[in-house]
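Participant:
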Amino acid sequence: MSEPLTLVATSAFGLEAVVSRELKQLGYEEQTIENGRITFQGDLAAICHCNLWLRSADRVLLSLGEFTALDFDDLFDEIRDIEWERWLPPSARFPVRATAVRSKINSPKNCQKLVKKAIAERLKDHYIKDWFPEDGPLYSVSLSILKDKASVCIDTTGPGLHKRGYRKLAAGAQIKETLAAGLVQLSYWNRERPFVDPCCGTGTIPIEAALIGTNTAPGINREFAAEGWQQLPPEMWEAAREEARSLARTDIDYRLQGYDIDPAMISMARYHAQQAGMEEFIHFQDQPLAEFSTPRKYGCIITNPPYGERLGDKADAEVIYREMKRVFAPLEMWSIYVITSHPGFERIYEQKARRRKLYNGRIECIYYQFPGPPPPRKKSPWEQAAGKQSESTENSDDADETRDEETASEPNVTPSEAVSENPAPTESTESASAEDSATREETNDRQE
């Protein structure tokens, strides 16, 4: 088991670059990026680390092979040739799900039956058994066929990575945690800047921002399918969790802020923040958008307002967008980020935006980005020491005045470990079709 494994991190359309960057931050530099999936090399420990740490990925899959399948005979032979006994014990539960898009094999249901049979035949030959109880650990098998190219994987995650474990109260349509984390990572926000979500609903975006700001592993409070695998003993998972706990930090310069007009939503947001362990870092308050104002500078607003998707709601959504235009107008030093499916948002907001296509579930959206100026750069310890030395030969009073003016633009900022800005968001390459994205969403929903 010491040889490298081929792993796949799946993602929603438009978030591939974000997941790729997360993997690089975890040390997995060599990658192949395709629509909705990033393939990389890792070891068994990588299964633990990636499930615990990936914020915007949907799942972590173990790839067992890729091949061309033009008919069912090809598919059966290729599946049977895979070393299933390397992973599946005699008691393994191995449900199969399949998708087939633009391929000669176009019956997912028949594919599922055939793959199940081929795996069983392989295991019968290896374990010298005619029947398997399937009452042990879960090894969910996935087959995806796109343009006659088949990919076979085992799901290491279980319920999708968006299920962090903190969002336990239902409130209609809510943004997925993985997408919320992606919105934050596509912004200029970091723990040294103010953060506001003026339409926070049940608090998902502020909570995900707090998890990022505190460097808290998003999967720290949940379990994964691969925790039942004999190849990944409990001590391996516990070591990964202990490492994650040791890397969490609390030096956020500002409490994040979340507002919503509905007190019931704010009550749920507070509960969810408590479940996530982020309640001390976020201030939630019921407040209409029209009443929002702040004296702070260089902050970031990231919000997911109503889209007006349902009949009769479009006019209400447009009222909110016009209110945003009025309320955000004085915030010239702030960066504003809004995700919506409403095609007229930019026209109503009356400001040209950077645009990025994303999917909120099956809803095609645009992430509108209005970046403001960066905050003044903080002096490094070396620069501070050099400044003190120069004060002995220059007018110290004038120098002090200059420094006071520079730091006054960011109230309550205290020295902390330097945190790099997220790179500037750019318009994504829209090479994936809506059909592929919808297929991935439908498959994930069926599995969960």
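The sequence shown begins at 1 in UniProt numbering and counts up one residue at a time.
Note that CB positions come from ideal geometry on N, CA and C, so glycine has one too.
Predicted, not measured: the structure shown is a model, and the values here were computed from it.
1. Note the first and the last residue of the continuous beta strand (DSSP E) segment covering arginine 59.
2. Please go through the same chain and pick out, in chain order, the residues whose beta-carbon is closer than 6 Å to the beta-carbon of alanine 276, but skip the five residues on each side of it.
3. Excluding the five sequence neighbours on either side, which residues of its own chain have a C-beta within less than 7 Å of the C-beta of threonine 6, listed in chain order?
4. Whose C-alpha, out of Leu88, Ile220, Pro133, Pro305, is nearest the C-alpha of tyrosine 259?
5. Check the DSSP bridge columns for aspartate 155 and list the partner residues they point to.
6. With DSSP collapsed to three states, give me the class of threonine 216.
7. Mind checking which residues open and close the beta strand (DSSP E) that includes leucine 358?
8. Are the CB atoms of alanine 98 and proline 89 nearer to each other than 8 Å?
9. Among Asp262, Ser293, Leu183, Met236, which one has its Cα closest to the Cα of phenylalanine 13?
10. Put lysine 149 into one of helix, strand or coil per three-state DSSP.
11. Taking its Cβ as the centre, do 16 or more other Cβ atoms sit within 10 Å of proline 374, making it buried, or is it exposed?
12. Indicate the three-state DSSP secondary structure (helix, strand or coil) for glycine 258 in the structure shown.
13. Under the assumption that isoleucine 282 contacts alanine 210 (Cβ atoms under 8 Å), give the Cβ distance between them as a whole number of angstroms.
14. Apart from the five residues on each side of it in sequence, which residues of its chain come closer than 6 Å, Cβ to Cβ, to glutamate 417?
15. For a test of the three-state rule: what should DSSP assign to leucine 42, helix, strand or coil?
16. Kindly indicate the opening and closing residues of the beta strand (DSSP E) around isoleucine 79.
17. Helix, strand or coil for serine 420 per DSSP?
18. Quick check on the DSSP output: what are the complete beta strand (DSSP E) runs of length 3 or more inside the segment 309-355, in order along the chain?
19. If you draw a straight line from the alpha carbon of alanine 273 to that of isoleucine 339, how long is it in whole angstroms?
20. With 16 other CB atoms within 10 Å as the buried threshold, where does glutamate 410 fall?
21. Please confirm whether leucine 186 and tyrosine 28 have their CB atoms less than 8 Å apart.
22. Where does valine 8 land, buried or exposed, given buried means 16+ other C-beta within 10 angstroms?
23. If we count the other Cβ atoms within 10 Å of its Cβ and call it buried at 16 or more, is glycine 344 buried or exposed?
24. Excluding sequence positions up to five away, which residues of its chain have a Cβ less than 6 Å from the Cβ of glutamine 287?
25. Tell me which residues share the same chain as residue 451 and place their Cβ nearer than 6 Å to its Cβ, disregarding the 5 neighbours each side in the sequence.
26. Please state the DSSP three-state secondary structure of aspartate 197.
27. Whole angstroms are fine: how far does the CA of lysine 113 sit from the CA of lysine 124?
28. Between Leu247, Gly219, Glu323, which has its C-alpha nearest proline 159's C-alpha?
29. DSSP state of leucine 169, grouped into three classes?
30. Between lysine 147 and the rest of its own chain, which residues show a CB-CB distance below 7 Å, the 5 nearest in sequence each way excluded?
31. Ignore the nearest five residues each way along the sequence and tell me which others in aspartate 135's own chain have a CB closer than 8 Å to its CB.
32. Would a C-beta distance cut-off of 8 Å place cysteine 365 and serine 341 closer than the cut-off?
33. For aspartate 262 and valine 327, I'd like the C-alpha separation in whole angstroms.
Facilitator: In terms of the structure at hand:
1. As a working note, residue 59 is residue 59 in the sequence shown. 57-68 is the span of the beta strand (DSSP E), which, as asked, contains arginine 59.
2. Within the sequence shown, residue 276 is the residue found at index 276, counting from 1. Here the set comprises Tyr166, Ile207.
3. As a working note, residue 6 is residue 6 in the sequence shown. Within the same chain, threonine 6 has close Cβ partners Thr39, Gln41, Ser63.
4. Your numbering for residue 259 matches position 259 in the sequence shown. Nearest option by C-alpha distance: Pro305.
5. Here residue 155 refers to the residue found at position 155 of the sequence shown. DSSP, once it has assigned bridges, lists Leu61, Ser140 as partnering aspartate 155.
6. Here residue 216 refers to the residue found at position 216 when the sequence shown is read from its first residue. Here threonine 216 sits in coil by DSSP.
7. Position 358 of the sequence shown, counted from the start, is the residue given in the question as residue 358. Residues 354-360.
8. Here residue 98 corresponds to residue number 98 of the sequence shown, with the count starting at 1. Here residue 89 corresponds to residue number 89 of the sequence shown, with the count starting at 1. The answer is no: Cβ separation not under 8 Å.
9. The sequence position of residue 13 within the sequence shown is 13, counting from 1. Comparing Cα positions, the closest option is Leu183.
10. Taking the sequence shown and counting its residues from 1, the one referred to as residue 149 is at position 149. Three-state result, lysine 149: strand.
11. If you number the sequence shown from 1, residue 374 lands on position 374. Flag for proline 374 reads exposed.
12. Position 258 of the sequence shown holds residue 258. Glycine 258 falls in the strand class under three-state DSSP.
13. Position 282 of the sequence shown, counted from the first residue, corresponds to residue 282. Position 210 of the sequence shown, counted from the first residue, corresponds to residue 210. That pair is a contact at about 6 Å.
14. Here the question's residue 417 lines up with position 417 in the sequence shown. The predicted position of glutamate 417 is uncertain, since its pLDDT is 30 and thus under 50; a value taken from the coordinates is nonetheless stated next. So no residue of the chain qualifies.
15. Position 42 of the sequence shown, counted from the start, is the residue given in the question as residue 42. According to the sequence as given, residue 42 is glycine; it is not leucine. DSSP places glycine 42 in strand when its eight states are reduced to three.
16. Start at 1 with the first residue of the sequence shown, and residue 79 comes out as number 79. It is not in any beta strand (DSSP E) - isoleucine 79 instead sits in the alpha helix (DSSP H) that spans 72-81.
17. Start at 1 with the first residue of the sequence shown, and residue 420 comes out as number 420. For serine 420, the predicted structure reports a pLDDT of 35, less than 50, and the residue's modelled location is therefore unreliable. The matter cannot be settled from this model.
18. Runs of the beta strand (DSSP E) inside the segment 309-355: 335-340.
19. Taking the first residue of the sequence shown as 1, we reach residue 273 at position 273. Taking the first residue of the sequence shown as 1, we reach residue 339 at position 339. Their Cα atoms are separated by approximately 22 Å.
20. The residue you call residue 410 lines up with position 410 of the sequence shown. In this predicted model, glutamate 410 has a pLDDT of only 34, less than 50, meaning its place in the structure is not dependable; the value taken from the coordinates is given anyway. So glutamate 410 counts as buried.
21. Locating residue 186 in the sequence shown gives position 186, where the first residue counts as 1. Locating residue 28 in the sequence shown gives position 28, where the first residue counts as 1. Taking 8 Å as the Cβ cut-off, leucine 186 and tyrosine 28 do not qualify as a contacting pair.
22. As a first step, residue 8 is located in the sequence shown; it is residue number 8 there, counting from the start. The residue in question, valine 8, is buried, as its Cβ has 16 or more Cβ neighbours within 10 Å.
23. Walking along the sequence shown from the start, residue 344 turns up at place 344. The residue in question, glycine 344, is exposed, as its Cβ has fewer than 16 Cβ neighbours within 10 Å.
24. Taking the first residue of the sequence shown as position 1, residue 287 is located at position 287. Result list for glutamine 287: Tyr259, in chain order.
25. The requested residue 451 does not occur in the structure, where the chain is confined to residues 1 to 448.
26. For the purposes of this step, residue 197 is taken as residue 197 along the sequence shown, with counting starting at 1. Three-state result, aspartate 197: strand.
27. Within the sequence shown, the letter at position 124 stands for residue 124. Within the sequence shown, the letter at position 113 stands for residue 113. If you take the alpha carbons of lysine 124 and lysine 113, they lie about 16 Å apart.
28. For the purposes of this step, residue 159 is taken as residue 159 along the sequence shown, with counting starting at 1. When only C-alpha atoms are compared, the closest one is Gly219.
29. Here the question's residue 169 lines up with position 169 in the sequence shown. It is coil, neither helix nor strand.
30. Here residue 147 corresponds to residue number 147 of the sequence shown, with the count starting at 1. If we look at lysine 147 and ignore the five residues flanking it on each side, its Cβ neighbours are Arg102, Ser103.
31. Your numbering for residue 135 matches position 135 in the sequence shown. Cβ neighbours of aspartate 135 beyond the five flanking positions: Ser91, Arg93.
32. Along the sequence shown, read from residue 1 onward, the residue named residue 365 stands at position 365. Along the sequence shown, read from residue 1 onward, the residue named residue 341 stands at position 341. A contact, by the Cβ cut-off of 8 Å.
33. Start at 1 with the first residue of the sequence shown, and residue 262 comes out as number 262. Start at 1 with the first residue of the sequence shown, and residue 327 comes out as number 327. Near 18 Å, if we compare the C-alpha coordinates of valine 327 and aspartate 262.
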